[in-house]
Amino acid sequence: MNYTFTSKTKNICFILMGIGLLSLAGGFIADSHRAWPTLLHNAFFFMAIGLGALFFMAIQYAAEAGWSATVKRPMEAIASYLPYGAAIFGIVVIMSALHMNHIYHWADPAVTTEGSPVYDEIIAGKSAFLNPVFYIIRTVVYLAGWVLFYRSFMKRSEIERLSLDVKAWKKSQSLSAYFLVFFAVTSSTSAWDWIMSIDTHWFSTLYGWYTFAGFFVSALTVITLLVLHLKSKGLLPEVNENHIHDLGKFMFAFSVFWTYLWFSQFMLIWYSNIPEEVTYYMDRFENYKFLFIFNLFLNFFFPFLVLMKRASKRNYALLKVVGVVILIGHWSDNFVMITPGVLKDHWHLGWVEIGTMLGFLGLFGFVILSKLASRPVNNPTHIFYEESVHHHI
Amino acid sequence: MSHQSASVREPLILGEKTYHQITEDIAKPIEGKANNLFKILFTISALLALWGVACFAYTIGTGIGVWGLNKTVGWAWDITNFVWWVGIGHAGTLISAILLLFRQRWRMSINRSAEAMTIFAVICAALFPVMHMGRVWLAYWVLPLPNQFGSLWVNFNSPLLWDVFAISTYFTVSLVFWYTGLIPDFATIRDRQVKPKMKRIYSILSFGWSGSAKQWSRFEEVSLVLAGLSTPLVLSVHTIVSMDFATSVIPGWHTTIFPPYFVAGAVFSGFAMVLTLLIIMRKVLHLEDYITITHVESMNKIIIITGSIVGVAYLTELFVSWYSGVEYEQYAFLNRATGPYWWSYWSMMTCNVITPQLFWFKKIRKSLMATFIISIFVNIGMWFERFVIIVTSLHRDYLPSSWTMFHPTFIDIGIFLGTIGIFFTLFLLFSRTFPVIALNELKTILKSTSENPKPPHH
Numbered sequence: 371m372n373y374t375f376t377s378k379t380k381n382i383c384f385i386l387m388g389i390g391l392l393s394l395a396g397g398f399i400a401d402s403h404r405a406w407p408t409l410l411h412n413a414f415f416f417m418a419i420g421l422g423a424l425f426f427m428a429i430q431y432a433a434e435a436g437w438s439a440t441v442k443r444p445m446e447a448i449a450s451y452l453p454y455g456a457a458i459f460g461i462v463v464i465m466s467a468l469h470m471n472h473i474y475h476w477a478d479p480a481v482t483t484e485g486s487p488v489y490d491e492i493i494a495g496k497s498a499f500l501n502p503v504f505y506i507i508r509t510v511v512y513l514a515g516w517v518l519f520y521r522s523f524m525k526r527s528e529i530e531r532l533s534l535d536v537k538a539w540k541k542s543q544s545l546s547a548y549f550l551v552f553f554a555v556t557s558s559t560s561a562w563d564w565i566m567s568i569d570t571h572w573f574s575t576l577y578g579w580y581t582f583a584g585f586f587v588s589a590l591t592v593i594t595l596l597v598l599h600l601k602s603k604g605l606l607p608e609v610n611e612n613h614i615h616d617l618g619k620f621m622f623a624f625s626v627f628w629t630y631l632w633f634s635q636f637m638l639i640w641y642s643n644i645p646e647e648v649t650y651y652m653d654r655f656e657n658y659k660f661l662f663i664f665n666l667f668l669n670f671f672f673p674f675l676v677l678m679k680r681a682s683k684r685n686y687a688l689l690k691v692v693g694v695v696i697l698i699g700h701w702s703d704n705f706v707m708i709t710p711g712v713l714k715d716h717w718h719l720g721w722v723e724i725g726t727m728l729g730f731l732g733l734f735g736f737v738i739l740s741k742l743a744s745r746p747v748n749n750p751t752h753i754f755y756e757e758s759v760h761h762h763i
Numbered sequence: 002m003s004h005q006s007a008s009v010r011e012p013l014i015l016g017e018k019t020y021h022q023i024t025e026d027i028a029k030p031i032e033g034k035a036n037n038l039f040k041i042l043f044t045i046s047a048l049l050a051l052w053g054v055a056c057f058a059y060t061i062g063t064g065i066g067v068w069g070l071n072k073t074v075g076w077a078w079d080i081t082n083f084v085w086w087v088g089i090g091h092a093g094t095l096i097s098a099i100l101l102l103f104r105q106r107w108r109m110s111i112n113r114s115a116e117a118m119t120i121f122a123v124i125c126a127a128l129f130p131v132m133h134m135g136r137v138w139l140a141y142w143v144l145p146l147p148n149q150f151g152s153l154w155v156n157f158n159s160p161l162l163w164d165v166f167a168i169s170t171y172f173t174v175s176l177v178f179w180y181t182g183l184i185p186d187f188a189t190i191r192d193r194q195v196k197p198k199m200k201r202i203y204s205i206l207s208f209g210w211s212g213s214a215k216q217w218s219r220f221e222e223v224s225l226v227l228a229g230l231s232t233p234l235v236l237s238v239h240t241i242v243s244m245d246f247a248t249s250v251i252p253g254w255h256t257t258i259f260p261p262y263f264v265a266g267a268v269f270s271g272f273a274m275v276l277t278l279l280i281i282m283r284k285v286l287h288l289e290d291y292i293t294i295t296h297v298e299s300m301n302k303i304i305i306i307t308g309s310i311v312g313v314a315y316l317t318e319l320f321v322s323w324y325s326g327v328e329y330e331q332y333a334f335l336n337r338a339t340g341p342y343w344w345s346y347w348s349m350m351t352c353n354v355i356t357p358q359l360f361w362f363k364k365i366r367k368s369l370m371a372t373f374i375i376s377i378f379v380n381i382g383m384w385f386e387r388f389v390i391i392v393t394s395l396h397r398d399y400l401p402s403s404w405t406m407f408h409p410t411f412i413d414i415g416i417f418l419g420t421i422g423i424f425f426t427l428f429l430l431f432s433r434t435f436p437v438i439a440l441n442e443l444k445t446i447l448k449s450t451s452e453n454p455k456p457p458h459h
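So the protein sequences, as listed, match chains A and B.
Residue numbering for the first sequence follows this note's numbering, starting at 371 and increasing by one per position.
Residue numbering for the second sequence follows this note's numbering, starting at 2 and increasing by one per position.
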């Protein structure tokens, strides 16, 4: 069974992309200081969802999970955005590191030049790590690494599709182990590089895992929404409400996990009240108060209270509502992670930010739906297919 | 639970077992006589425990001045042991709760003994903060009781008080979870007993379990509820233990990664202790068909994952201490790695980060001997981790004129050895009086995962 990417859906994607291009272009013309962090924010948010989906797929192999075999195609489709997302994000980040904008303070050579009026001793102390050359090398390693892993996974997926051999699956399992090791290191270091270094003075050891928790729960949500979309089209009949229930549990559990890390980072910094650390939250609490607090409602209280009940994890309509709320919540959380370090209190959340987000959404949708339409959505040669079809909890 | 099992999955019950054979195999240690190996192990453990009790008594009689603490290092051996034991106490509930939620069927042969171990470890852990109060007879002052019971009201702002609540809750829920699982198994033992006295004891222990469908249905429901309750508890306990340190302004203690990193480390050490115990127990009690190489391999995979998480956290701390540009932070880590306690830092690194990576090799992962040795390494490494965090951060503080070293006294060492004695004594007693495998639960997967010829698919 194939997914048909109808011309109506395609047109919606194109319209969204058009809105995005117009907003972004308008944003750059009106105020490039505002457009740059928006571009970085959206490029990161959507790319990270692709990465999160790839991570979740690798986990399925490593853990020898049986239940998820029938929802593997949607995961692959979401991961297929990774090469496009990485290309866009890579360009934005490299331009930023070359000081073509004011996202990264450390990228300004004057800041680390002794004797210059804007010389900053703390940033100069970090320049062995935060300098454009080393930074760009690291960025390329992360992005190229992930994309290469994605490509290997897709090659292996074709081999698995055409064979019933257990060995084919075992090889994919080894590939997953390599990817997970690479991911374990790069998911943290890339978060320090790309996002933590925006607030250049500030540091938090938990930052990498916190960033990961945010994009992972977003990826789980997109997987769920895509599966529900396919089911609404009459596809994936072998996915029953038990699978959906499991996906709902993941959304629930990792919303709680994100909150756990949010709380750990916030509480420890608040409690100790050390000036060099607490500034991060002071900026956010003074200038972004509403979003800062509202994020907790979107990302914790709402999914926690709504998805607590078993029945609500089996209610497709409700899951869709919660999914959209979680995605808005983490998009907004990324906004509060990125913008304050660049724009301080001169921020906006208007047509530039939302329009750019819609544009990326259009591209993201177009890429993953095209991928989904390119091959059958079911996966009957998976070695755990039978287990997954008979999944019942 | 899925009834279909892919052919790629290894059997979890070896040999051509029948339902009856499972009961026989698991009831045997309770019904038979103790062998010499058991008697030797028990004597050693009990003597060690007695030695610990003597050191406890001496501490209470004389005061905690008999420990090696000084004015700079006000926390050392005692809190190291406390955190070490609490960490070990994480595996049991992780296995019974989180692995239940993840439907890991290999959990069934090991959950009972892992939960027992959890409870004994938490008991050992709790002894240290109680001891450190000095006047243990006033220990109830840690509870928020009305003022006529004591002159002090507890400080709710202190993570030490959060610890009191976290650990007592964890202990209670773990105990209830463990006991609930035991009820049907005690009933099975009761029904097999021929001696009236024993029958009476097991009949009390089994709360009159009759095995009706209604009881089973409630049993399953309560198990799921307890699993749901225990999951956040597993995370909360070591999170709060980590906050004992991380809420401070001590370099090396105050770092935001502590909560999840402590939890990962706790699971890591807990699984190491489970492996240490089970590799011996399966041999002594002849449970090789139930605790198979596949079980050991699965646990070793958890050791790799949690060990690697801990490794990433160590490197993150190290990097960020440099990146922060804060001189105190930088010195704290330089001092750990190259200061007078360098040997403890490098023991920790070797045991916790390097040795578990050997499990990437399938041969080592499937070797009982290698697993046993590495599990001991991890136990040692995790003790050093807490020692490194606690002592090296304190002994050179903000005031160089107060810099000093910590030397444990023989009482410190005696109490630690004593808790190991208490732990093993309790575990050995457990292994001869309790069904060490959840036999009734295990029977539910016999059809789908045993080596028995499989019934046709339905």
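Just so it is clear, CB atoms sit at the ideal spot from N, CA and C, and this is done for glycine as well.
From a predicted model like this one, the values you see are computed outputs, not experimental measurements.
Residue environment, residue i, which counts as buried when at least 16 other CB atoms sit within 10 Å
i        : result
Met470/A : exposed
Glu464/B : Within the shown structure, residues of chain B are numbered from 2 to 459, placing residue 464/B beyond reach of any answer.
Pro746/A : exposed
Lys378/A : exposed
Gly493/A : Correcting the residue identity first, residue 493/A is Ile in this sequence and not Gly. Result: buried.
Tyr399/B : exposed
Ala681/A : exposed
His458/B : Annotation note: pLDDT 47 at His458/B (below 50); position unreliable, no value reported.
Lys34/B  : exposed
Thr440/A : buried
Asp535/A : exposed
Ser450/A : buried
C-beta atoms of residue i and residue j nearer than 9 Å
i        : j        : result
Val389/B : Ala77/B  : no
Thr426/B : Ala50/B  : yes
Val321/B : Ala554/A : no
Trp428/B : Ser114/B : According to the sequence displayed, residue 428/B carries Phe and not Trp. Yes, Cβ-Cβ distance for Phe428/B and Ser114/B is below 9 Å.
Phe385/B : Asn301/B : no
Ser394/B : Ala338/B : no
Glu116/B : Trp179/B : yes
Leu733/A : Cys383/A : yes
Ala405/A : Val722/A : yes
Asp361/A : Gly584/A : With chain A covering 371 to 763 only, the question about residue 361/A has no answer from this structure.
Ser243/B : Pro260/B : yes
Leu742/A : Ala447/A : yes
Ser175/B : Leu234/B : yes
Val437/B : Leu286/B : yes
Thr709/A : Pro407/A : yes
Amino acids of chain B, ordered along the chain, whose beta-carbon sits closer than 7 Å to that of residue i
i        : result
Tyr641/A : Thr248
Proximal chain A residues relative to residue i, where beta-carbon distance stays under 8 Å
i        : result
Leu236/B : Tyr630
Beta-carbon neighbours of residue i, restricted to chain B and to distances below 9 Å
i        : result
Gln753/A : Per the sequence shown, the amino acid found at residue 753/A is Ile instead of Gln. Simply Ala7, Ser8, Val9.
Contacts that residue i makes with chain B (C-beta to C-beta distance below 8 Å)
i        : result
Gly396/A : Going along chain B, no residue has its Cβ under 8 Å from Gly396/A, so there is no contact; the nearest lies around 38 Å.
Taking only beta carbons into account, state which residues of the region 241-265 of chain B come closer than 9 Å to chain D, listed in chain order.
In the structure shown, chain D cannot be found, because the protein chains are A and B.
Cβ-based contacts, 7 Å cut-off: residues of the region 310-324 of chain B near chain A:
Residues passing the 7 Å Cβ filter: Val313, Thr317, Glu318, Val321, Tyr324.
Can you list, in chain order, the residues of the region 324-342 of chain B whose Cβ is nearer than 8 Å to any Cβ on chain A?
Residues Tyr324, Ser325, Gly326, Val327.
Closer than 7 Å, Cβ to Cβ, to anything on chain B: give me those residues from the region 545-568 of chain A, in chain order.
Per Cβ criterion, the list reads Ala554, Val555, Ser558.
Counting only Cβ-Cβ distances shorter than 7 Å, please list the residues of the region 483-513 of chain A near chain B, keeping chain order.
Per Cβ criterion, the list reads Ile492, Gly495, Lys496, Phe499.
Would you say the region 558-567 of chain A touches the region 12-19 of chain B, given that touching needs at least three Cβ pairs under 8 Å?
No, they do not touch.
Chain-ordered residues of the region 573-585 of chain A with a beta carbon less than 9 Å from chain B
So the close ones are Phe573, Ser574, Thr575, Leu576, Tyr577, Gly578, Trp579, Tyr580.
At a CB distance below 9 Å, what residues from the region 606-624 of chain A approach chain B? Give them in sequence order.
Hits within the stretch, in order: Lys619, Ala623.
Is it true that the region 683-701 of chain A meets the region 655-663 of chain A, where meeting means three or more beta-carbon pairs spaced less than 8 Å apart?
By the Cβ criterion, the region 683-701 of chain A is not in contact with the region 655-663 of chain A, since fewer than three pairs of Cβ atoms, one from each stretch, lie closer than 8 Å.
Contact set between the region 729-761 of chain A and chain B, restricted to residues whose Cβ is under 7 Å from the partner:
Against chain B - using a Cβ distance shorter than 7 Å - the residues of the region 729-761 of chain A are Ile753, Phe754, Glu756, Glu757, His760, His761.
Using 8 Å as the threshold, is the region 339-347 of chain B in touch with the region 269-278 of chain B, meaning 3 or more CB pairs across them?
Because the criterion of three Cβ pairs below 8 Å is not met, the region 339-347 of chain B and the region 269-278 of chain B do not touch.
Within the chosen definition, does the region 380-395 of chain A reach the region 413-421 of chain A through at least 3 CB pairs nearer than 8 Å?
As far as the Cβ criterion goes, the region 380-395 of chain A does not touch the region 413-421 of chain A, which means the pair count is below three.
Got a sec: which bits of the region 512-536 of chain A sit with their beta carbon under 8 Å from any beta carbon on chain B, in order along the chain?
Cβ proximity to chain B below 8 Å picks out Val536 from the region 512-536 of chain A.
Is it true that the region 570-580 of chain A meets the region 630-637 of chain A, where meeting means three or more beta-carbon pairs spaced less than 8 Å apart?
Yes: at least three Cβ pairs fall under 8 Å.
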